[in-house]
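Residue numbers (the working numbering): 657 to 750.
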């Protein structure tokens with residue numbers, strides 16, 4: 657049987673609400689966003705709240721914002737991997 661390659665879905669929407677929630681909130685905190693000056697902290701906070709309360713699925717936007725922030729930490733600030741390791745130990749994936 658032949659069929660095209662297919663990816664497999666990740667439960668990113670759920671992870672951002674559960675295991676990664678603290679990591680996301682710490683890295684996209686209003687204080688950090690204000691300090692960076694790139695994104696509107698009130699808008700991001702509203703988006704995070706809507707996502708957490710399952711009002712809307714903002715997982716792609718949150719993942720993008722988190723990626724930008726982690727990139728800035730890695731290349732403009734300090735090493736982000738030590739902070740990521742701290743959260744990875746606390747998170748358990750089923």
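In this text, a Cβ means the ideal position worked out from N, Cα and C, and glycines have one as well.
- Note on geometry: alpha-carbon atoms of residue 676 and residue 686 lie some 17 Å from one another.
- Comparing alpha carbon positions, the residue from 693, 744, 684 and 702 closest to residue 720 is 684.
- Pairing residue 671 with residue 695, the inter-Cα distance amounts to about 23 Å.
- Between the alpha carbons of residue 714 and residue 679 lies a gap of roughly 16 Å.
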